[in-house]
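Encoded as structure tokens, the structure appears first; notes follow it.
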Amino acid sequence: MNTNARLKWRGAAAFSLCLISAWPILGADKLIEKHVAIEWLSGRPQGQIRVDRGNLLEMKIARGKGTLQGPGGFQAIQEGPFRMELRI
């Protein structure tokens, strides 16, 4: 496996783990809100955030430059570090 493929896989795995830990916990009439940050050290990430068993309440770009596109969509517009912060 080449270095780029390995980095992409690691990024996807880390992203998946963040979202798994972000699932809201349902209790007796309680919904717990979670804050999740996803950060890329390089590249120009783009994609869509989808939440299972919950709602994406807020999404913002905290580092780098990019655009938010519709419900859950994002795209970096320059190379370099990029950080998304989510409220679920």
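Taking the working numbering, the leading residue of the sequence shown gets 990, the next gets one more, and so forth.
Backbone N, C-alpha and C define an ideal beta-carbon position, used for all residues, glycine too.
- Query: Do Met1073 and Gly1061 have their C-beta atoms within less than 8 Å of each other?
  - Reply: As a working note, residue 1073 is residue 84 in the sequence shown. As a working note, residue 1061 is residue 72 in the sequence shown. No, these two residues do not count as a Cβ contact at 8 Å.
- Item | Best match in Glu1022, Val1025, Gln1035 and Leu1020 for proximity to Gly1069 [C-alpha to C-alpha] | For the purposes of this step, residue 1069 is identified with residue 80 of the sequence shown, where counting begins at 1. For the residues Glu1022, Val1025, Gln1035 and Leu1020, the minimum Cα distance to Gly1069 belongs to Gln1035.
- Message: Which residue wins for smallest C-alpha separation from Leu1075, given the options Arg1052, Ala1026, Ile1021 and Arg1042?
- Response: For the purposes of this step, residue 1075 is taken as the residue at position 86 of the sequence shown. Comparing Cα-Cα distances from Leu1075 to each of Arg1052, Ala1026, Ile1021 and Arg1042, the minimum goes to Ala1026.
- Message: Helix, strand or coil for Gly1062? Go by DSSP, reduced to three states.
- Response: Looking up residue 1062 in the sequence shown gives position 73. Strand.
- What are the boundary residues of the beta strand (DSSP E) that includes Arg1052? As a working note, residue 1052 is residue 63 in the sequence shown. Per DSSP, the continuous beta strand (DSSP E) segment holding Arg1052 begins and ends at Glu1047 to Arg1052.
- Have a look at Asp1041 and Glu1022 and give me their C-alpha separation to the nearest angstrom. In the sequence shown, counting from the first residue as 1, residue 1041 sits at position 52. In the sequence shown, counting from the first residue as 1, residue 1022 sits at position 33. Answer to the nearest angstrom: the Cα atoms are 14 Å apart.
- Query: Just checking my contact of Leu1045 with Ile1038 at CB under 8 Å: how many whole Å lie between their CB atoms?
  - Reply: Along the sequence shown, read from residue 1 onward, the residue named residue 1045 stands at position 56. Along the sequence shown, read from residue 1 onward, the residue named residue 1038 stands at position 49. That pair is a contact at about 6 Å.
- Quick one: grab the DSSP three-state call for Arg1067. Taking the sequence shown and counting its residues from 1, one reaches residue 1067 at position 78. First, the amino acid is wrong: residue 1067 is Gln here, not Arg. Coil, per DSSP.
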